[in-house]
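Undergrad:
In my numbering, the protein residues as written are 838 to 937.
What follows is the structure in structure tokens.
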């Protein structure tokens, strides 16, 4: 994806999430939520209207919040600053999706 900073941040966040040690259902849900951030940013960026793009960006933001909740439950704060930075980027995109 050409020149999409938020997407690049999300990919980096996803890769770091793969290193987090969780067990069972939490691990599965954490992997799915962190992947969902990347996939929804990608899908949203391909939508033709602002409304459609914003919808997917808000879903990505919700998935990121889900990863934060799982990290909180696991007592892991290592990725908090990266999640906050990514969250700020996604929030901006969701409120100003650009284009037509």
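Glycine included, each C-beta is placed from N, C-alpha and C at the ideal position.
Between the stretch 858-873 and the stretch 895-905, do three or more beta carbon pairs fall short of 8 Å?
TA: The stretch 858-873 vs the stretch 895-905: in contact.
Undergrad: Can we say the stretch 857-866 touches the stretch 882-894, given the rule of at least three CB pairs closer than 8 Å?
TA: Verdict: no, contact absent.
Undergrad: Does the Cβ of residue 935 lie closer than 8 Å to at least one heavy atom of the ligand GDP?
TA: The model depicted lacks the ligand GDP and carries no ligand whatsoever.
Undergrad: Taking the C-alpha atoms as reference points, what is the distance between residue 925 and residue 856?
TA: Approximately 23 Å between the Cα atoms of the pair.
Undergrad: Exposed or buried, what is residue 920 when buried is set at 16 or more other beta-carbons lying within 10 Å of its beta-carbon?
TA: Flag for residue 920 reads buried.
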